Amino acid sequence: MEVGFLGLGIMGKAMSMNLLKHGFKVTVWNRTLSKCDELVEHGATVGETPAAVVKKCKYTIAMLSDPAAALAVVFEKDGVLDGICSGKGYIDMSTVDDETSTKISEAITTKGGSFLEAPVSGSKKPAEDGQLVILAAGEKALYEEAIPAFDIMGKKSFFLGPVGNGAKMKLVVNMVMGSMMNAFSEGLELADKSGLDPQTLLAVLDLGAISNPMFRLKGPTMIQGNYSPAFPLKHQQKDMRLALALGDENAVPMPVAAAANEAFKKARSMGLGDKDFSAVYETVRQFKPSSS
Numbered sequence: 001m002e003v004g005f006l007g008l009g010i011m012g013k014a015m016s017m018n019l020l021k022h023g024f025k026v027t028v029w030n031r032t033l034s035k036c037d038e039l040v041e042h043g044a045t046v047g048e049t050p051a052a053v054v055k056k057c058k059y060t061i062a063m064l065s066d067p068a069a070a071l072a073v074v075f076e077k078d079g080v081l082d083g084i085c086s087g088k089g090y091i092d093m094s095t096v097d098d099e100t101s102t103k104i105s106e107a108i109t110t111k112g113g114s115f116l117e118a119p120v121s122g123s124k125k126p127a128e129d130g131q132l133v134i135l136a137a138g139e140k141a142l143y144e145e146a147i148p149a150f151d152i153m154g155k156k157s158f159f160l161g162p163v164g165n166g167a168k169m170k171l172v173v174n175m176v177m178g179s180m181m182n183a184f185s186e187g188l189e190l191a192d193k194s195g196l197d198p199q200t201l202l203a204v205l206d207l208g209a210i211s212n213p214m215f216r217l218k219g220p221t222m223i224q225g226n227y228s229p230a231f232p233l234k235h236q237q238k239d240m241r242l243a244l245a246l247g248d249e250n251a252v253p254m255p256v257a258a259a260a261n262e263a264f265k266k267a268r269s270m271g272l273g274d275k276d277f278s279a280v281y282e283t284v285r286q287f288k289p290s291s292s
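When you line the sequence shown up against UniProt numbering, it's residues 1 to 292, in that order.
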C-alpha cells in the first residue's frame with residue numbers, strides 16, 4: 001500500500017515513520033524540505049509539491065498545524081486540488097474546525113476524490129508508539145480502506161459519521177484536556193506555596209479517582225520546568241479558541257474553558273508558544289517571591 005504524507009512536524013514525522021517501518025511505501029512532502037531527510041533515510045521518497053504527491057499516490061494523508069495550513073495545502077498553486085481526481089482519497093488528520101473540514105471536503109469531492117477527516121487524540125509519544133486515537137468522519141468507504149494505515153498509527157479508530165463530527169470531537173477532547181492542565185497547574189503551585197511537596201501531590205492524585213496518564217506523564221517534567229514540546233502550547237491555545245467558537249455556535253456556556261484559554265494566551269505572550277502545552281504552569285509559577 002502506497003500513501004502520500006503531507007506535513008512532517010512533531011506528529012506527522014512520527015506517524016509517517018511508523019508507516020515506513022511497517023512496510024508501507026510513503027511519499028512525503030513538507031514546506032521545509034529538509035524535514036524530509038530523515039524519512040528518506042528510512043525509505044521514503046519526496047514529492048516536490050502536494051499535487052505531485054497526490055498524483056503519485058492513491059491515498060494521501062495530511063497532518064498540518066492549523067486551519068490556515070490545512071486550507072493552503074489544498075487550495076494553493078500545486079496544492080492537493082491540482083492532483084486530486086476520481087479514485088483518489090484525501091485524509092486530513094489535522095486538528096481544524098468543522099467549517100474548515102467541510103470546505104476541504106466539498107472541494108475534494110467536487111473534483112471526484114473522496115475525503116475523510118481523521119484528527120487524532122494523542123501527542124508525540126503516542127504518535128511514535130502507534131497509540132493514537134483516530135476520530136474519523138466523512139466517506140465511510142475511504143475509512144474502511146484506510147484501516148490498515150490507521151491500525152499502525154493508532155490503537156483505536158472511531159467512525160463518527162458525516163464530515164465535521166471528527167473535527168468537533170477533537171476540539172471537545174482538547175478543550176477538556178486544556179482545562180484540566182490549567183487546574184493541575186494551579187494545584188501544583190498551591191501545594192508548593194502551601195509548603196507541601198508537589199511530588200507527594202502527584203503520588204496522591206495517582207492513587208485517586210482523578211488519576212490519569214496526563215498528570216502522571218507531565219507532572220514530573222513540569223516540576224522540573226522541562227517543557228520539551230510533545231504538543232506545542234500555541235496549538236493547544238488554537239484548539240481552545242476553536243472549541244470556544246463551537247460553544248458560541250451551540251449556545252453552550254463554557255466559563256472554565258474560557259478561563260483556561262486566557263491562561264494559554266498569557267503563556268503565549270510570555271514567549272512559551274513553542275514549548276509544550278504544560279508550560280501554561282509558568283503563568284501561575286512566574287510570581288515566585290525573591291529569596292533575598
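In this text, a Cβ means the ideal position worked out from N, Cα and C, and glycines have one as well. Since we're looking at a predicted model, the values are computed, not measured.
Item: Collapsed DSSP secondary structure at Glu106 in the structure displayed; Value: helix
Item: Reference Leu160, options Ala118, Ala107, Gly4, Thr45, closest by Cα; Value: Ala118
Item: Residue environment, His235, which counts as buried when at least 16 other CB atoms sit within 10 Å; Value: buried
Item: Sequence-distant residues of its chain with Cβ nearer than 7 angstroms to Asp82 (five each side left out); Value: Ala51
Item: Own chain partners of Met169 with C-beta closer than 7 angstroms, once the 5 adjacent residues on each side are dropped; Value: Leu135, Leu160
Item: Among Ser194, Gln199, Ala146, Ser278, nearest to Ala260 - alpha-carbon criterion; Value: Ser278
Item: DSSP beta-bridge partners of Val26; Value: Val3
Item: Ile84, DSSP secondary structure in three states; Value: coil
Item: Rounded distance between the beta-carbons of Leu171 and Leu188, thought under 8 angstroms; Value: Actually they are not in contact, since the Cβ atoms of Leu188 and Leu171 sit about 26 angstroms apart, beyond 8 angstroms.
Item: C-alpha gap between Leu64 and Arg31, whole angstroms; Value: 10 angstroms
Item: Cα-Cα separation, Leu8 to Met17; Value: 10 angstroms
Item: Residues bridged to Leu196 [DSSP beta-bridge criterion]; Value: Answer by DSSP bridge pairing: none, since Leu196 is not bridged.
Item: Where Phe159 sits in the DSSP three-state scheme; Value: strand
Item: Unbroken beta strand (DSSP E) run spanning Ile134, endpoints; Value: 132-138
Item: Start and end residues, alpha helix (DSSP H) containing Glu48; Value: Taken as a continuous stretch (DSSP letters only), Glu48 belongs to no alpha helix (DSSP H), as it is neither H nor E.
Item: Straight-line Cα distance separating Lys193 from Ser290; Value: With a pLDDT of 48 at Ser290, under the threshold of 50, the modelled position of that residue is not reliable, and the figure given next carries that caveat. Each residue's Cα considered, the two are about 13 angstroms apart.
Item: For Thr32: DSSP bridge partner residues; Value: Answer is none; Thr32 lacks a bridge partner.
Item: Minimum length 4: unbroken alpha helix (DSSP H) runs contained in the region 212-255; Value: 213-224, 233-249
Item: Beta bridge counterpart(s) of Cys62 as assigned by DSSP; Value: For the record, residue 62 in the displayed sequence is Ala; it is not Cys. Paired residues: Leu6, Asp92.
Item: Residue range of the unbroken alpha helix (DSSP H) whose run includes Phe75; Value: 67-75
Item: Under the three-state DSSP convention, the category Lys125 falls into; Value: helix
Item: Coil, strand or helix - Asp78 by DSSP; Value: coil
Item: C-beta atoms of Leu233 and Val280 nearer than 8 angstroms; Value: yes
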